[in-house]
Amino acid sequence: MPELPEVETIRRGLSKRLIGQKIKSITVLEKKSFQIADEDRIWLEESVIKSVRRRAKVLMIDLDSDYTLLFHLKMTGQLIYREPNSELTDNRNFAAGHPTGDWLMDLPNKSTRVYFEFEDASKLFFNDQRKFGWIKLLPTEKVMEQKFLHELGPEIVDFTQDKIPEKISESTYKQVLSAIRRHNNAPIKAVILDQKVVAGIGNIYADEGLWGAKIHPATVVKDLTDRELRKLLREVKASMTRSIESGGSTMQTFVKADGTKGNYLDLFANVFRREGLPCPRCQTEIIKIRVAGRGTHICPKCQIKH
DNA sequence: CTAGGATCCTGTCAGC
DNA sequence: TGCTGACAGGATCCTA
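Residue numbers (this note's numbering): 401 to 706.
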């Protein structure tokens with residue numbers, strides 16, 4: 401579920417709240433979600449959080465023990481930070497990730513897999529309905545050697561900057577285009593979802609970018625020009641930027657000011673989960689199809705297969 | 001090497 | 001009201 405913009409939103413939110421905090425205790429309710437050996441726990445308890453980083457969809461919390469906690473939220477992960485004795489919507493609190501009502505519930509609940517308590521009595525809950533997500537611990541200097549991080553393709557731009565860069569660098573274009581072209585017979589949507597080709601694109605931003613570039617997701621790579629592929633990367637980047645700048649999938653966007661439930665996709669999405677609604681460009685009804693084994697949303701008029 | 005499908009899990013929703 | 005199957009904002013593993 402959470403893609404690069406969602407994880408970046410979490411990074412920004414937790415960075416403000418966690419740096420300098422000392423871990424007092426960790427409660428593991430689901431072993432599968434906490435892939436850390438008992439003997440390595442000494443690197444966690446009593447350690448202080450130094451920084452919060454991100455690479456692709458992986459969140460990294462660096463500790464003063466020179467170990468790093470790694471989080472992957474996969475489809476249904478959430479991170480929920482709560483101050484003691486505070487109202488749920490108090491802006492000292494923070495929740496982001498898969499948008500469900502867990503954000504507003506007493507915690508831990510049945511989806512809570514692991515939670516951390518800090519010295520000031522604040523808590524960080526890792527909730528994950530489907531249990532695909534995980535937490536790992538590695539020496540900080542070994543983090544980037546891990547296969548799943550080492551093999552990642554480039555990010556389109558550096559989204560961790562406060563001011564997100566306007567332009568994609570020429571070296572990134574070249575690197576990503578040559579990686580895309582290694583999959584000449586595959587549908588373009590499948591290729592941009594491959595984290596080894598380009599890091600951080602998931603189902604939402606794939607659909608949004610393809611709509612922006614007017615490319616049918618089932619078009620095979622060899623039928624696309626470099627110009628079309630460059631346009632696609634620009635559109636993905638624009639959609640991700642709008643998502644991050646609108647606050648992403650946070651509790652603040654989930655609960656509207658009048659108390660009703662909002663949908664953060666409304667803040668930036670043109671096609672994703674909008675089947676049956678008019679295309680914002682040509683008013684044709686958006687349809688849902690299957691491409692690369694994933695639900696896929698397109699405008700059947702704007703996005704014609706080559 | 002690439003391409004495509006099954007798989008890990010829990011919950012929800014449409015259709016009978 | 002059950003029940004059943006499809007599906008879900010991810011990525012790996014297996015086979016051809």
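Note that beta-carbon positions come from the ideal geometry of N, C-alpha and C, so glycine has one too.
#1: Is the region 613 to 629 in contact with the region 578 to 589, if contact means three or more CB pairs nearer than 8 Å?
#2: Using 8 Å as the threshold, is the C-beta distance between glycine 413 and phenylalanine 526 below it?
#3: Taking all protein chains shown into account, do 16 or more other C-beta atoms lie within 10 angstroms of the C-beta of arginine 681, making it buried, or fewer, making it exposed?
#4: Whole angstroms is fine: what's the gap from serine 447's alpha carbon to lysine 536's?
#5: Within the chosen definition, does the region 486 to 503 reach the region 547 to 563 through at least 3 CB pairs nearer than 8 Å?
#6: Mind reading off the beta-carbon distance from glycine 648 to alanine 496? Whole number of angstroms is fine, and I expect it under 8 Å.
#7: Buried or exposed: aspartate 528, going by 16 or more other Cβ atoms within 10 Å of its Cβ?
#8: Out of Lys567, Lys622, Ser433 and Asp462, state which residue places its alpha-carbon closest to the alpha-carbon of valine 591.
#9: Per DSSP, which one or two residues make a beta bridge with arginine 707?
#10: Can you tell me the Cα-Cα spacing of histidine 758 and threonine 540, whole angstroms?
#11: Rounded to a whole number of angstroms, what is the C-alpha to C-alpha distance between proline 700 and serine 433?
#12: Where does lysine 510 sit, in a helix, a strand or coil, going by DSSP?
#13: Determine the closest residue to glycine 609 out of Thr427, Arg634, Leu524 and Gly600, with distance taken between C-alpha atoms.
#14: In whole angstroms, give me the CA-to-CA distance for arginine 673 and arginine 513.
#15: So which of Thr625, Ala692, Thr619 and Ser639 has the shortest CA-CA distance to isoleucine 704?
#16: Any idea if threonine 650 is buried or exposed, counting beta-carbon neighbours within 10 angstroms, 16 or more meaning buried?
#17: Please determine if the region 597 to 615 and the region 635 to 646 are in contact, where contact requires at least 3 C-beta pairs separated by less than 8 Å.
#18: What first and last residue would you give for the beta strand (DSSP E) that runs through lysine 631?
#19: Comparing C-alpha positions only, which one of Thr468, Ile410 and Glu445 sits nearest to lysine 427?
#20: Mind checking who valine 448 pairs with in its DSSP beta bridge?
#21: Between leucine 538 and the rest of its own chain, which residues show a CB-CB distance below 8 Å, the 5 nearest in sequence each way excluded?
#22: Please confirm whether isoleucine 480 and leucine 459 have their CB atoms less than 8 Å apart.
#23: I'd like the list of long-range same chain contacts for serine 415, defined as Cβ closer than 7 Å, with 5 residues on each side in sequence excluded.
#24: On the DSSP bridge assignment, give the partners of glycine 477 in chain order.
#25: So, glycine 553 versus histidine 472, is the Cβ gap smaller than 8 Å?
#26: How many angstroms separate the CA atom of histidine 706 from the CA atom of valine 691?
#27: Out of Glu519, Gln435 and His550, which has the shortest C-alpha to C-alpha gap to isoleucine 419?
#28: Could you compute how far the alpha carbon of aspartate 440 sits from the alpha carbon of isoleucine 588?
#29: Here's the rule: buried if 16 or more other CB atoms are within 10 angstroms of the residue's CB, otherwise exposed. What is glutamate 551?
#30: Look at the alpha carbon of isoleucine 687 and the alpha carbon of cysteine 679, and state the distance between them as a whole number of angstroms.
#31: Which residues mark the beginning and the end of the beta strand (DSSP E) in which threonine 468 is found?
Put simply:
#1: yes
#2: In the first sequence, the residue the question calls residue 413 occupies position 13. In the first sequence, the residue the question calls residue 526 occupies position 126. No, the pair does not count as a contact, with Cβ atoms beyond the cut-off.
#3: In the first sequence, counting from the first residue as 1, residue 681 sits at position 281. Classification of arginine 681: exposed, given that the 10 Å Cβ count is below 16.
#4: Reading the first sequence from its first residue, position 47 is the one you call residue 447. Reading the first sequence from its first residue, position 136 is the one you call residue 536. Going by the C-alpha atoms only, they are around 16 Å apart.
#5: no
#6: Residue 648 sits at position 248 when you count from the first residue of the first sequence. Residue 496 sits at position 96 when you count from the first residue of the first sequence. That pair is a contact at about 6 Å.
#7: For this step, residue 528 is matched to residue 128 along the first sequence. Result: buried.
#8: As a working mapping, residue 591 is identified with position 191 in the first sequence. Of the listed residues, the one whose Cα sits closest to valine 591 is Lys622.
#9: A question about residue 707 goes unanswered here, because the residues of the chain that appear run from 401 up to 706.
#10: Here the chain comprises residues numbered 401 to 706, so residue 758 is not present and cannot be evaluated.
#11: Taking the first sequence and counting its residues from 1, one reaches residue 700 at position 300. Taking the first sequence and counting its residues from 1, one reaches residue 433 at position 33. For proline 700 and serine 433, the distance between alpha carbons rounds to 40 Å.
#12: Translated into positions along the first sequence, residue 510 becomes position 110. Coil.
#13: Here residue 609 refers to the residue found at position 209 of the first sequence. For glycine 609, the nearest C-alpha among the options comes from Arg634.
#14: Counting from 1 along the first sequence, the entry for residue 673 is found at position 273. Counting from 1 along the first sequence, the entry for residue 513 is found at position 113. If you take the alpha carbons of arginine 673 and arginine 513, they lie about 28 Å apart.
#15: Taking the first sequence and counting its residues from 1, the one referred to as residue 704 is at position 304. It is Thr619.
#16: Here residue 650 refers to the residue found at position 250 of the first sequence. Threonine 650 is buried by the Cβ-count criterion.
#17: yes
#18: Translated into the one-based positions of the first sequence, residue 631 becomes position 231. No beta strand (DSSP E) holds lysine 631; the alpha helix (DSSP H) holding it covers 626 to 645.
#19: As a working mapping, residue 427 is identified with position 27 in the first sequence. Reading off the sequence, residue 427 comes out as threonine, not lysine. Nearest of Thr468, Ile410 and Glu445 to threonine 427, Cα basis: Glu445.
#20: Translated into positions along the first sequence, residue 448 becomes position 48. The partner list for valine 448 (beta bridge, DSSP) reads Lys422.
#21: On the first sequence, residue 538 is found 138 positions in, with the first residue counted as 1. Correct list, in chain order: Tyr467, Thr468, Leu470 and Gln546.
#22: For the purposes of this step, residue 480 is identified with residue 80 of the first sequence, where counting begins at 1. For the purposes of this step, residue 459 is identified with residue 59 of the first sequence, where counting begins at 1. The answer is no: Cβ separation not under 8 Å.
#23: Locating residue 415 in the first sequence gives position 15, counting from the first residue. Answer for serine 415: Val452, listed in chain order.
#24: As a position in the first sequence, residue 477 is number 77, starting the count at 1. Looking at the DSSP assignment, glycine 477 forms a beta bridge with Asp528.
#25: Reading the first sequence from its first residue, position 153 is the one you call residue 553. Reading the first sequence from its first residue, position 72 is the one you call residue 472. No, these two residues do not count as a Cβ contact at 8 Å.
#26: Here the question's residue 706 lines up with position 306 in the first sequence. Here the question's residue 691 lines up with position 291 in the first sequence. Rounded to the nearest angstrom, the two C-alpha atoms are 15 Å apart.
#27: Here residue 419 is taken as the residue at index 19 of the first sequence, counted from 1. Nearest option by C-alpha distance: Glu519.
#28: Counting from one through the first sequence, the residue named residue 440 turns up at place 40. Counting from one through the first sequence, the residue named residue 588 turns up at place 188. Their backbone Cα atoms lie some 42 Å apart in a straight line.
#29: Translated into the one-based positions of the first sequence, residue 551 becomes position 151. Under this definition glutamate 551 is an exposed residue.
#30: Numbered from 1 along the first sequence, position 287 holds the residue referred to as residue 687. Numbered from 1 along the first sequence, position 279 holds the residue referred to as residue 679. Whole-angstrom Cα-Cα distance: 10 Å.
#31: To locate residue 468, count along the first sequence from 1; it is residue 68. Run containing threonine 468: 467 to 472, per the beta strand (DSSP E) assignment.
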